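Residue numbers (the numbering used here): 21 to 524.
Encoded as structure tokens, the structure appears first; notes follow it.
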């Protein structure tokens, strides 16, 4: 008598040999004994899909636009895929060819990048762009067609977008413009990109596209004004042009990771510097982000009596993250313009509870162009609004400058009048009049207008300009002119006289 053995779980494996093409392969497992006996009959049929991997199957031209502006170049690219939908651009770069053509416009090869072309049509009309892609090793050929209309439209609005409103120091971010015509329809332009200054990084336009890439310098923080301009209409757009702590340009932040005994440093490239030293017992692995924005000050914050803020704005330093400041000793440096070292400069932090400046002190740097203060994170946070306070001076004018001098009203640069106004009082009445050398009145620029003490020039306040015209709107004659400036507060009056030259 044979004793039946229990069933055992046995795993059998099989392979499907390489297929010569794509399609569906049907299969089923069948159990056959060594004597040829079929056990259990046929199993259920299974299917798998076979794709030709790495073999050119389709081509798409991007971006998928259907309209262009006459005279505006457009960068096009052929995106290539196999039957599985996998991008095979790398394979075709080694063994493939691209042939671009256009019915009426021009196509220009991009050196070293055959999958791309620069399309340009100077005239209005209908056009068709074609690209023929070949893969000789597989005998594959595919063509893509992009219908285009070249039509002139007037730009209505322009805006800039990006994946985020901030970027880490040492990293980059891609910015893009979106343009609409006067009817609200999206249109393609080739904007001119610029930044207000290069202290925080560099901006490089992506040629023949609506994009630009900003790369922030390592160990820097601050805010960058990114501007795009349409060369045809002159319309401009500024990225994140809001106000307040969360708005106003592209923020560059310095990422900080705590480590016992370690140090960090960041600067804005204009004299603002923050240094930090972690204590030996500071926790490790905590992360923070240090950023800074310029904040306009109210008249109340700018000071009264014998104390003044150095400028009409202050530095809002922000610290985000889980960084424990108790284990950090800070050193903060703020810039000091020439001539202010003798006015007892000291750094102060705005107290939001007392609504007043809390003086932290400070030491003037050896070059007298900065003031530095150190404080422990256990006493003060680096997160706050900081400024430089100086002793106020009695009524008077300093640093009176006329730019340019001589000046021409026919040029793009009118006469700019710059000066520093001093007073121990919050309000000063200013009068600026222009006379010819015969003593005849020509123009009144300010007539007892109320100004606050401080530096007066185009970057920090409304510029004082003379366009060369008289009060009646006529153009003044060539020659020398006398500028009479009067400053008046409750203590009295001060006058200044200077000459400028007008040349047409």
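Every residue, glycine too, gets a C-beta built ideally from N, C-alpha and C.
Note that the structure is predicted; figures quoted are calculated from it, not measured.
Where residue 519 and residue 490 are concerned, what is the direct C-alpha to C-alpha distance, given to the nearest angstrom? In the chain shown, residue 519 corresponds to position 499, counting from 1. In the chain shown, residue 490 corresponds to position 470, counting from 1. Roughly 16 Å between the two C-alpha positions.
So the beta strand (DSSP E) residue 485 belongs to, where does it begin and stop? Along the chain shown, one-based indexing puts residue 485 at 465. Segment 484 to 486, the beta strand (DSSP E) holding residue 485.
Using 8 Å as the threshold, is the region 143 to 161 in touch with the region 226 to 243, meaning 3 or more CB pairs across them? no
Same chain, Cβ closer than 8 Å to residue 304, neighbours up to 5 away in sequence not counted: Residue numbering aside, residue 304 sits at position 284 when the chain shown is read from its first letter. Excluding positions up to five away in sequence, the list reads 278, 279 and 280.
Rounded to whole angstroms, how far is the Cβ of residue 344 from the Cβ of residue 306, which I believe are closer than 8 Å? Position 324 of the chain shown, counting from 1, holds the residue named residue 344. Position 286 of the chain shown, counting from 1, holds the residue named residue 306. So it is a contact: roughly 6 Å between Cβ atoms.
Which one of 367, 336 and 322 has the shortest CA to CA distance from residue 315? Numbered from 1 along the chain shown, position 295 holds the residue referred to as residue 315. Residue 315 has its Cα closest to that of 336, out of 367, 336 and 322.
Identify whether residue 508 lies in helix, strand or coil by the three-state DSSP scheme. Indexing the chain shown from 1 puts residue 508 at position 488. Strand.
Would DSSP call residue 515 helix, strand or coil? Along the chain shown, one-based indexing puts residue 515 at 495. Strand, per DSSP.
For residue 347, name the three-state secondary structure that DSSP assigns. Indexing the chain shown from 1 puts residue 347 at position 327. Residue 347 falls in the helix class under three-state DSSP.
Beta-bridge pairing of residue 394 - partner residues as DSSP gives them: Reading the chain shown from its first residue, position 374 is the one you call residue 394. Partner(s): 351.
Expressed to the nearest angstrom, what Euclidean distance is found between the alpha-carbon atoms of residue 132 and residue 214? Within the chain shown, residue 132 is the residue found at index 112, counting from 1. Within the chain shown, residue 214 is the residue found at index 194, counting from 1. If I take the Cα positions, the gap works out to 27 Å.
Reference residue 212, options 220, 204 and 196, closest by Cα: Stepping through the chain shown from its first residue, residue 212 is reached at position 192. Looking at the Cα atoms, 196 is the closest of the given residues.
Quick one: using the 10 Å Cβ neighbour count with 16 as the cut-off for buried, is residue 510 buried or exposed? Position 490 of the chain shown, counted from the start, is the residue given in the question as residue 510. Classification of residue 510: exposed, given that the 10 Å Cβ count is below 16.
Within a Cβ cutoff of 7 Å, which residues of the same chain sit near residue 478, ignoring the five residues on either side of it in sequence? Translated into positions along the chain shown, residue 478 becomes position 458. At residue 478, the pLDDT of 44 sits below 50, so the modelled position is not reliable; the number obtained from the coordinates is stated separately. The answer, listed in chain order, is 436.
Identify whether residue 110 lies in helix, strand or coil by the three-state DSSP scheme. By 1-based counting over the chain shown, the position of residue 110 is 90. Residue state, collapsed to three classes: helix.
Those residues which DSSP pairs with residue 316 across a bridge: Your numbering for residue 316 matches position 296 in the chain shown. 333.
Could you say if the region 83 to 98 and the region 136 to 153 meet the contact criterion of at least three C-beta pairs nearer than 8 Å? yes
Short of 7 Å in beta carbon distance, which residues of its chain neighbour residue 111, apart from the five on each side in sequence? Order them along the chain. For the purposes of this step, residue 111 is taken as residue 91 along the chain shown, with counting starting at 1. These residues qualify, in order along the chain: 74.
Across the region 497 to 505 and the region 450 to 467, are there enough close Cβ pairs to call them in contact, namely three or more that are closer than 8 Å? yes
For residue 198 and residue 181, the rounded distance between their alpha carbons: Translated into positions along the chain shown, residue 181 becomes position 161. Translated into positions along the chain shown, residue 198 becomes position 178. Approximately 8 Å, taken between the alpha carbons.
Once you ignore the five residues that flank residue 384 on each side, which residues in its own chain have a CB closer than 6 Å to its CB? Translated into the one-based positions of the chain shown, residue 384 becomes position 364. Cβ within range, chain order: 361 and 391.
Within the continuous beta strand (DSSP E) that includes residue 468, where are the two ends? Position 448 of the chain shown, counting from 1, holds the residue named residue 468. Here the beta strand (DSSP E) through residue 468 covers 461 to 471.
C-beta contact flag for residue 174 and residue 148 at 7 Å: Taking the first residue of the chain shown as 1, we reach residue 174 at position 154. Taking the first residue of the chain shown as 1, we reach residue 148 at position 128. In this structure, residue 148 does not lie closer than 7 Å to residue 174 by Cβ.
To the nearest whole angstrom, what separates the beta carbons of residue 269 and residue 245, a pair I think is in contact under 8 Å? Taking the chain shown and counting its residues from 1, one reaches residue 269 at position 249. Taking the chain shown and counting its residues from 1, one reaches residue 245 at position 225. Correct: roughly 5 Å between the Cβ atoms.
Extent of the continuous beta strand (DSSP E) run through residue 48: Here residue 48 refers to the residue found at position 28 when the chain shown is read from its first residue. Counting along the chain, residue 48 falls outside any beta strand (DSSP E), and DSSP gives it neither H nor E.
Using the rule of at least 16 other Cβ atoms within 10 Å of the residue's Cβ for burial, across every protein chain shown, is residue 242 buried or exposed? Translated into the one-based positions of the chain shown, residue 242 becomes position 222. Flag for residue 242 reads buried.
Given that a residue counts as buried once 16 or more other Cβ atoms are within 10 Å of its Cβ, and exposed if not, what is residue 525? Lying before the first or after the last residue shown, residue 525 is absent from the chain, which here runs from 21 to 524.
Does DSSP classify residue 431 as helix, strand or coil? For the purposes of this step, residue 431 is identified with residue 411 of the chain shown, where counting begins at 1. Reduced to three states, the DSSP call for residue 431 is coil.
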